[in-house]
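Asker: I have a structure I would like to understand better, so I am pasting it below and will then ask my questions one at a time.
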Amino acid sequence: MAKPSFDRIYMNLATDLAMRSHCVKAQVGAVLVKDTRIISIGYNGPPAGTHNCDEEWPETGCARDSKGSCSLALHAEQNAILYAVKNGANLEGATLYCTLSPCLPCARLIFSAGIKKVLYDKSYAAYKGIGSDEGVDFLNKFGVPAERFIDEDYTD
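For reference, each letter of the sequence shown is one residue, going 206 to 361 in my numbering.
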């Protein structure tokens with residue numbers, strides 16, 4: 206019987222987690238995995254216990270910063286990393302699955318946390334309308350493979 210690959214399972218989970226986001230502009234999910242075990246999950250949104258953008262500003266979302274990004278939310282990668290660290294998880298050698306490629310600030314955090322690989326579904330650059338995926342470029346330049354997830358269907 207053919208079974209989904211672990212990569213497919215984790216990317217599906219990241220996609221499902223994205224639907225938990227309260228962001229009006231974009232929903233992004235992330236899963237941190239080490240040795241085929243999930244060590245943390247995250248999705249984009251404001252810090253827990255603050256507010257939910259879709260409830261407070263359902264038409265427009267929260268205020269934008271100078272680069273047009275949400276001024277209040279944490280990115281999915283940040284939430285996954287922060288939760289893991291808060292709970293004492295060792296991220297050295299982990300793999301990150303995310304529905305959107307990491308922005309440059311998230312890439313620096315990923316690198317600093319010791320995450321060894323990033324698989325993503327869609328391009329942050331395409332979403333933001335910028336020339337290149339700076340976060341992906343940064344990670345690849347400094348030895349952390351960051352690549353678009355290609356579904357290889359099922360494994361035996």
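Glycine is no exception: its CB is placed at the ideal position from the N, C-alpha and C atoms.
In the structure shown, what three-state DSSP assignment does I335 receive?
Answerer: As a first step, residue 335 must be located in the sequence shown, where it is residue number 130. Note: I335 maps to coil in three-state DSSP.
Asker: Start and end of the beta strand (DSSP E) containing E352?
Answerer: Your numbering for residue 352 matches position 147 in the sequence shown. That run of the beta strand (DSSP E) goes A351 to R353.
Asker: Can the beta-carbon of D326 be found closer than 7 Å to that of F343?
Answerer: Reading the sequence shown from its first residue, position 121 is the one you call residue 326. Reading the sequence shown from its first residue, position 138 is the one you call residue 343. For D326 and F343, no; Cβs fall outside 7 Å.
Asker: Using 7 Å as the threshold, is the C-beta distance between A289 and L237 below it?
Answerer: Along the sequence shown, one-based indexing puts residue 289 at 84. Along the sequence shown, one-based indexing puts residue 237 at 32. A contact, by the Cβ cut-off of 7 Å.
Asker: Identify which residue in K333, R269, A281 and K239 has its Cα closest to the Cα of C311.
Answerer: Numbered from its first residue, the sequence shown carries residue 311 at position 106. Of the candidates K333, R269, A281 and K239, the one whose C-alpha sits nearest the C-alpha of C311 is A281.
Asker: Does DSSP classify M206 as helix, strand or coil?
Answerer: Here residue 206 is taken as the residue at index 1 of the sequence shown, counted from 1. In this structure, M206 counts as coil in the three-state DSSP scheme.
Asker: My assumption, with CB atoms under 8 Å, is that A223 sits in contact with Y248. Please give the rounded CB distance.
Answerer: Along the sequence shown, read from residue 1 onward, the residue named residue 223 stands at position 18. Along the sequence shown, read from residue 1 onward, the residue named residue 248 stands at position 43. Indeed, because the Cβ distance is near 6 Å, the residues count as touching under 8 Å.
Asker: Assign D270 to one of two classes, buried (16 or more other C-beta atoms within 10 Å of its C-beta) or exposed (fewer than that).
Answerer: Residue numbering aside, residue 270 sits at position 65 when the sequence shown is read from its first letter. Burial call: exposed.
Asker: In terms of alpha-carbon separation, which member of N257, C303 and C275 lies closest to Y215?
Answerer: By 1-based counting over the sequence shown, the position of residue 215 is 10. Ranking N257, C303 and C275 by Cα distance to Y215 puts C303 first.
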